[in-house]
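Some notes on the structure that comes next.
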């Protein structure tokens, strides 16, 4: 399993979020949202709010962002194009509340500076100040998954040398040493996957899936009723087919969200390959042994 990141066609400016409707188009099952080429569907601005997590597309073009922190939200940044220095950790200067656990400041003292490029993935724990330092002539576009923090759910993570505690940087989507291919934060899990054949028919009782297609293409079945479903692990089920599924063709840059308990399957034909990044949002603890 591996992830090879490529430039995605994201070109949205920073915009306000709205609450996601249960169904964004008449052709998708309720709760499924597809952003073709990273573009949000009609009626949805640059940010989708699912309650326990948000999905957004942001651009910094020739100017730095503002130092910020989120009291109760982890950030997962997936760099889609461009490059920029990024500061994280340390102490925010002149931090002020902007409401709902959000803080903005004027500077950061004692931060670690990292150069981010397309394909990089970085996770920032709740309460940690951070800032994009985009210079004139630079432009960076990134997908951000913001997870509302749950209590006492974070298992130990490998400490990366030279990084603030809790920050994990995957250069070009490659997991750091000691992490193998998955990062399990308890309330969310992220990893990259390389696929050369069709996947299993499956659903997850307590996890939403967010798939970000990095390279290649494949059909994707979602919704309907799973046939022959059986328990394959804790909170996991697999089956033999899907009755009444919707078929979607996924290509570079697509982002699709799948709610818990909805059957789905990647369908690849001979010669097809697909690289994608997965963010699993854990809703609650599964009950199956």
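Numbering (mature numbering (1 follows the signal peptide of the UniProt record, and there is no 0)), first residue to last: -24 to -1, 1 to 265.
Note that CB positions come from ideal geometry on N, CA and C, so glycine has one too.
Can you round the beta-carbon distance between residue 198 and residue 224 to whole angstroms, since I take them to be within the 8 Å contact cut? 7 Å
Would a C-beta distance cut-off of 8 Å place residue 47 and residue 75 closer than the cut-off? no
Output the distance between the C-alpha atoms of residue 66 and residue 36, rounded to the nearest integer angstrom. 22 Å
Is residue 228 helix, strand or coil by DSSP? coil
Same chain, Cβ closer than 6 Å to residue 193, neighbours up to 5 away in sequence not counted: 227
Compute the distance between the beta-carbons of residue 13 and residue 230, then report whether it is under 8 Å. yes
Kindly indicate the opening and closing residues of the beta strand (DSSP E) around residue 187. 183 to 192
Tell me whether residue 148 sits in a helix, a strand or coil according to DSSP, three-state version. helix
In the segment 74 to 114, which residue ranges form an unbroken alpha helix (DSSP H) of at least 4 residues, counting only runs that do not cross its ends? none
Cβ of residue 254 within 8 Å of Cβ of residue 218? no
Which same chain residues end up closer than 6 Å to residue 53 when comparing Cβ atoms and leaving out the 5 residues on each side of it in sequence? 98, 118 and 120
Let me know if residue 256 comes out buried or exposed under the rule of 16 or more other beta-carbons within 10 Å of its beta-carbon. buried
Are residue 55 and residue 93 touching if we call contact CB-CB under 8 Å? yes
DSSP has residue 179 in a bridge; who is on the other side? 213
Host beta strand (DSSP E) of residue 58 (start-end): 49 to 64
Which residue or residues does DSSP assign as beta-bridge partners of residue 219? 201
For residue 160, which residues does DSSP report across the bridge? 165
Buried or exposed for residue 72, please, with buried defined as at least 16 other CB atoms from any protein chain shown within 10 angstroms of its CB. exposed
Whose C-beta lies closer than 8 Å to the C-beta of residue 88 among residues of the same chain, with five residues either side of it excluded? 63, 64, 65, 66, 138, 139, 140 and 143
Is it right to say residue 44 is buried, meaning 16 or more other beta carbons lie within 10 angstroms of its own, or is it exposed? buried
Once you ignore the five residues that flank residue 245 on each side, which residues in its own chain have a CB closer than 6 Å to its CB? none
Could you pull the DSSP bridge partners for residue 256 from this structure? 165 and 185
Can you tell me the Cα-Cα spacing of residue 248 and residue 68, whole angstroms? 47 Å
Return the CA-CA distance between residue 83 and residue 145, expressed in angstroms with no decimal places. 22 Å
With distances taken from CA atoms, which of 243, 209 and 166 is nearest residue 174? 243
Nearest-angstrom Cβ-Cβ length linking residue 179 and residue 237, presumed shorter than 8 Å: 6 Å
Along the beta strand (DSSP E) that carries residue 243, what are the first and last residues, could you check? 240 to 243
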